[in-house]
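Note sheet for the following structure.
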Amino acid sequence: MQAIETHLDLSHLRFDPELTPGANNAVNVCLRIEPHEKVTVITDLASKEIAASIVHELDVRGLNYHAYVLEELAPRPLVHLPQEILDDMETSDVSIFAVEVQRNELKSRMEMTDVVNRRKMRHAHMVNINRQIMLEGMRADFLKVDRLSKKVLDIVSRAKVVTARTAKGTEMRADMSPDYKWLKTSGIISREKWGN
Numbered sequence: 236m237q238a239i240e241t242h243l244d245l246s247h248l249r250f251d252p253e254l255t256p257g258a259n260n261a262v263n264v265c266l267r268i269e270p271h272e273k274v275t276v277i278t279d280l281a282s283k284e285i286a287a288s289i290v291h292e293l294d295v296r297g298l299n300y301h302a303y304v305l306e307e308l309a310p311r312p313l314v315h316l317p318q319e320i321l322d323d324m325e326t327s328d329v330s331i332f333a334v335e336v337q338r339n340e341l342k343s344r345m346e347m348t349d350v351v352n353r354r355k356m357r358h359a360h361m362v363n364i365n366r367q368i369m370l371e372g373m374r375a376d377f378l379k380v381d382r383l384s385k386k387v388l389d390i391v392s393r394a395k396v397v398t399a400r401t402a403k404g405t406e407m408r409a410d411m412s413p414d415y416k417w418l419k420t421s422g423i424i425s426r427e428k429w430g431n
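Mapping the sequence shown onto my numbering, position 70 (from 1) lands on 305, and the numbers just tick up by one.
Here you go:
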């Protein structure tokens, strides 16, 4: 295992153990990180406790990662993603972006996702991640969600019309085009489609 960190050592930062199930899901279920893969972890001071829980899961598995705290590399709001992070991503298989975003930082995130898309990395885009999301949404049974999402995808990809009616009588109809390209976004992240 090789772990390289910036000044704030996330691997020694205390975090609420209640964050562990969500962090475990992120590393082991959603991203399915393999022992031979390298990971780039990007966080900020606002999200450092959540990032520490994720780094802990990487350490438990003995995975190779580099972790970065944005404020240690550049002033916020970011104009550009720090080159050190972009360079590290060029040699990574997986990236995790657990950051409370700030206004006018879209360009820096686009620089990051350009690398993700070009290299077909598995990328967890955990923008504005917070405690509630980690304790609720990130504890979901993502394999069950994935199975249900596949069933829905199988139905809508063949459908010509979708209709719905609420218990109160509201009706809705959608005409489906055969040109639609459907993507399954269940929380299971692939090289073809990174996810929030």
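Idealized CB from N, CA, C, for every residue including glycine.
For V290, the three-state DSSP class (helix, strand or coil): helix
Between which residues of its own chain and R333 is the CB-CB distance below 6 Å, once the five residues before and five after are set aside? The amino acid at residue 333 is misidentified as Arg; the sequence shows Ala. Answer for A333: T278, S282, I285, A286, M361 and I364, listed in chain order.
Verify whether the separation of the beta carbon atoms of V264 and S330 is less than 9 Å. no
How far does the alpha helix (DSSP H) with T255 in it reach, from first residue to last? T255 to N259
Flag this pair as touching only if the stretch 379 to 386 and the stretch 417 to 425 have three or more C-beta atom pairs under 8 Å; answer yes or no. yes
Own chain, CB closer than 8 Å to E346, minus 5 neighbours either side, in chain order: H315, L316 and L321
Terminal residues of the continuous alpha helix (DSSP H) containing M324? Q318 to M324
C-beta atoms of P270 and L298 nearer than 9 Å: yes
Test item: CB-CB of R426 and R344 under 9 Å: No, they are not a contact pair.
Rounded to a whole number of angstroms, what is the C-alpha to C-alpha distance between D251 and L388? 37 Å
Under the DSSP definition of a beta bridge, which residues are partnered with K355? Partner(s): none; K355 has no beta bridge.
Going by beta carbon distance, what residues of the same chain come within less than 8 Å of E406, once the five residues before and after it are set aside? Counting only Cβ-Cβ distances below 8 Å, and skipping sequence neighbours, we find T398, A399 and R400.
Can you have a look at I424 and say buried or exposed, based on whether 16 or more other CB atoms are within 10 angstroms of its CB? By the neighbour-count rule (16 or more Cβ atoms within 10 Å), I424 is buried.
Report yes if the CB atom of D328 is closer than 9 Å to the CB atom of V274, and no otherwise. yes
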